[in-house]
Amino acid sequence: MNAQDSARPEDTLAAATERALAALGVTEPPDEAGLHRLRTPVLLDRSPDAVEEVRRTAARARADGDDRLLGRALFMLAQYAWQRDDYPSTVENADLARAAYERAGDRVGVARAAQSRANVLRITSHRDAEAALTEALLLARRAQDGVTEATLWLDLALVAQKSGDTATYAARIEEAERCLRPSLLAAGHAARNLGEVKEQRRDVQAARESYGRAVRLYEDAGAPAPATATVLLWWGRTERVQGDAERSRELLEAAVRKATSGGGDLVAEAESRRELAMADKLAGNLREAMYGYRRARSALRRIDGVNPLTLANIEFELGELLGLLSGPEHSRRHFEEAYRWYREAGEPRGLHNSARELAELAMDEGDPSTARDLLTRAVAPLGRQTADPMNRLRMLTSLGRLLSLEASAGADPRRHHRRAERMLTAALSGFEQLGQLRNEALVLLVAVRGGIGVGGYSPMEAGEEAIRRYAGANDRLGEIEGQWALSQAWLRAGDERRALAHGRSALLAIEEVRATSPDAVTRAGFLHGTRSAALPLLMPAVSGDPAFAEQWLESARDWAITGALRTGVADLSPAFRRLHADLKRHEDERPPEGAPAAQRTAWQSAHRALHEQLFFAFTQSLPTTEQRAGSATGETEPGHGPDEIDHHRLGAREYALYVELFTGADRTVEVISVCRHPNGSLEAGHGLLSPEAVALLTRFRDGEDIGQDGELSLRADPAWSQLADRLLPSGLASVLAACAETDPIRLFVLPANELWNVPYAALPLSGSTGQLVDKAVITLTPSMRILSGRPEQPGRPRGPGREHRVVGLFPTDAPMGELELERLEKRTPVRRASSYDQLAAALAEGAADLLYCAAHGEAGHRPGQDILTEAGALNDWSVLELAVPATVVLGCCGSGRIWHQPGSEPSGLALSFMLAGARQVVAPIKKVHGSTCATLLPELAERVLDGRSPAAALRDLQRRARDDPKAPRLRDEWHLFHCVGTVR
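Just so you know, we're using my numbering here: the sequence shown kicks off at 16 and counts up by one.
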């Protein structure tokens, strides 16, 4: 025995087998199953020592009577000889291996040994080669060894190819593919399952590698689409966890395609769409996230809720998303639905999370009693989740918040605060042990909002620490929330200087985030949540830091659409134009009125889906804040720097009025108005609205009829007077009272939400019988940052070369439209169009100074809704493709309405015309009679063409119509028109 042998441990059969497998490069345990899993032994280490080790293994196996190990060792020697082109040794070792395998009853080994011998005969062109290969093939088939059978078919195919028999060659290749498929499929399943195990063990890198291998195997095996879709879904999820958003989206979109191909897999489709929606939410693409969740839910509903857990997850995530986009009532509905599905699925974690989110909503609304009941309901499922500390720590955080809310109404507030502090400190400590920076910051945020010390930090120190930890977690939105919370805390403490400093930091952070993601979640959260909560901060800002106050107000109005208005017409993407063409084709396929209800419903559903896709493509076409900053076309006047661009310099008699609505936790509604005077000073006013005034605003928002007597009923309505007092601050009211009707001020109104659709012209002035229209020329504008890229056009005299100064869209089947056209033609030549195509062709000539649209049917106000259906498909989208002149006059009912809800872009036909290039749009905000339009609007068009501004011309005509005793309908409806336009 040599020195090497003496150093080796006791030679047992297991040890010898392990060394033999190691020589093959296999490190699995040396049990029976391990040996059988060895498919194709290959001697990885070809050194003399390794070969000698195999020979010694063969000798020991022969001495011990271990024919299975002997066969494998001899087979390895045959393979080694084959690689060295030593064909005699290959045949000799293959025959010996086959004999050993036969004695051991190893059919797979017998087939593979026979294959080795047959391949030597094939490579040497022996006449018995085909017979030997056929024999090995039969042996492999009996052994059910698909891999060996497939390789033998390939060997036989080479024999046929050499003889020139192409048909047999092709048939044998097909047989090889058929044999390989089951083995590849099984290997794909194994790789997929291995990836799942690695993912559960949080070894994400290994999981993604296994999933990738599974997809390749499935594709090679031609696996069913649902199987591939599932692996693509899991692979995409791991890429998202790894932070590769682009690769994740690519894989998830491939999963959706696979899931929807062939027979389809609705569950895989739903899960893939859900993952895509989650990615969109994280990226700030809120609309696409919403559509993705809805499409995922639709896929599951087509199988009648077979998968309640996935449905529950979708409803829960929809609730979270809607909490950012709109009011709590929408979120609550989805969380309640999620709770129902989690209960059906028996998922305790989901039950707990849903109940806790409902409790958080109740706390947001100042209802601690309901919140306590819901948190009690959330506790029960925790007993089944003992292995998950995260839920318990989140529960402690919610309980700490509840106790801080209950402290103000409790008999012993200090006791509540002490209990809250203990719970929040325990939650903070637990999250710190788990390394959960974002959750640590959330606990600190709850503490500063509740005025509670936590973990040794005072409330103010907790706020500062929350901001630092959000920054450490790379959570910009959390940092912003922390700055707002700290700002409010200092405001409550009476330190306005520090409150404004933190408020300014929050606003600047929002602007920075929005610069890189114009549709980011910050926009919705800032508008709906933090801005409302920070309302008290605006009042000291007006007096202490007016520049910040106005920047705050403008920030809320600087949407993507506003940015497009600042730089000119939106650069519509090819995707938008393609979808718009699809929409127009789909409109031509509208089912007739007598079509079956199911057919009409299906058409409407498809039409709505096209509109949703189109709206998303439209917002993607708009410039980002960075692009806008780099393109100041038409914005800068000589001598005006960036400050003047951002804060438009007002003329001597020009005023800007920002008006906002805020709904408190107790459902009360407060109006805040901030007026900028010509000298740059700001004044602010705010106050609660009575329920009657709130109801009046709701009627304006919904476009309902104001009353039988229209504007006359408003004059006698005390709610209308109260609303006017809230909208017009005292300083502005004094200016209005002092100015003469013959020398009105110019008032730019910057509304928010339903305040867009208030008839400002009819607002009563306190202390007089007059109305706002008597003292002001009123223009509604989305932002004071909008400066027209075109200079003001003076009226030009009519002449031979000015035959078509007005392009008019008039329906052919409306008598009132004919009357309106007749009256307009008495004042100016009109190029008439009766369809969208005719209108587009007339405007494309570029000779129009004014576009006049008359279509007296009810108009919609939501994005993309068909509006002028009598004259063809004219809607928010088709307007964008028109060469629109500077002034547009709309006689369509409701065409001046603006749709603007929290978290969405302001939209409507008037803004669409402005995006298409118009500078001023005059239109009614609700349904009006055709005779009212026929009386007012043709004369308004004439005055505009003669050089009068649209807003001033509208004011003159409205006052005359209001005071005309011969036209009762005009007296009822004169105030229902307004002018939406740019500052200049």
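By construction, the Cβ of each residue, glycine as well, lies at the ideal position given by its N, Cα and C atoms.
Taking Cβ positions, are residue i and residue j nearer each other than 8 Å?
i    : j    : result
L148 : V125 : no
L960 : A898 : no
F350 : L373 : yes
D143 : L152 : no
R970 : D979 : no
F763 : L672 : yes
P744 : S688 : yes
L952 : P900 : no
C868 : V937 : no
E860 : L697 : no
V845 : L836 : yes
R264 : R288 : no
E569 : M799 : yes
G86  : D121 : yes
A210 : A229 : The amino acid at residue 210 is misidentified as Ala; the sequence shows Gly. Taking 8 Å as the Cβ cut-off, G210 and A229 qualify as a contacting pair.
L169 : A191 : yes
G906 : I913 : no
A708 : Q737 : yes
E284 : T275 : yes
A500 : V463 : yes
P551 : L515 : no
Closest by CA to residue i, which one among the options?
i    : options                   : result
L200 : T243, E214 and A186       : T243
P774 : Q786, L111 and S781       : Q786
R522 : E234, M293, W505 and E494 : Before going on, a small fix: residue 522 reads as Leu here, not Arg. Of the candidates E234, M293, W505 and E494, the one whose C-alpha sits nearest the C-alpha of L522 is E494.
G702 : H692, E675, G695 and R714 : E675
E362 : A395, E224 and F90        : A395
S140 : C690, A667, D259 and Y102 : Y102
F446 : R430, T412 and P611       : T412
Y308 : A292, D427 and I482       : A292
H944 : S696, V936 and L991       : L991
P921 : T796, D100 and A229       : T796
A596 : A516, C908 and S893       : S893
M305 : A238, A285 and L337       : L337
Could you pull the DSSP bridge partners for residue i from this structure?
i     : result
A221  : Note: A221 sits in no beta bridge, so no partner.
R761  : E669 and V792
L457  : In the DSSP output, where bridge partners are listed per residue, L457 has none listed.
G702  : V686
E675  : I687
S922  : W914
P1073 : Any property of residue 1073 remains undetermined from this structure, which presents the chain solely from 16 to 999.
A938  : H993
What is the C-beta distance between residue i and residue j, in whole angstroms, given that I count them as a contact (C-beta under 8 Å)?
i    : j    : result
Q498 : S520 : 5 Å
R820 : A856 : With 8 Å as the limit, R820 and A856 do not qualify as a contact, their Cβ atoms being about 17 Å apart.
R842 : A949 : Not really, about 12 Å apart at Cβ, beyond 8 Å.
S346 : L376 : 6 Å
L751 : A791 : 7 Å
A327 : A360 : 6 Å
G996 : A967 : Incorrect: roughly 12 Å between the Cβ atoms, too far for contact.
A109 : A128 : 5 Å
L248 : E290 : 7 Å
In terms of residue numbering, what span does the beta strand (DSSP E) encompassing residue i cover?
i    : result
H692 : Looking at the DSSP string, H692 is not in any beta strand (DSSP E), and its letter there is neither H nor E.
C907 : Counting along the chain, C907 falls outside any beta strand (DSSP E), and DSSP gives it neither H nor E.
A848 : V845 to A848
C868 : L865 to C868
In the DSSP assignment, the alpha helix (DSSP H) including residue i goes from what residue to what residue?
i    : result
T149 : A144 to R157
G124 : R122 to I138
F992 : Here F992 belongs to no alpha helix (DSSP H); instead the beta strand (DSSP E) covers F992 to G996.
A931 : Careful: A931 lies outside any alpha helix (DSSP H) and carries neither H nor E.
R394 : According to the sequence provided, residue 394 is Val. The question's Arg does not apply to it. Note, V394: alpha helix (DSSP H), P383 to V394.
G823 : That residue, G823, is in no alpha helix (DSSP H); its beta strand (DSSP E) goes V821 to L824.
V69  : P63 to D79
G478 : P474 to G487
H367 : P363 to D379
L89  : D82 to Q98
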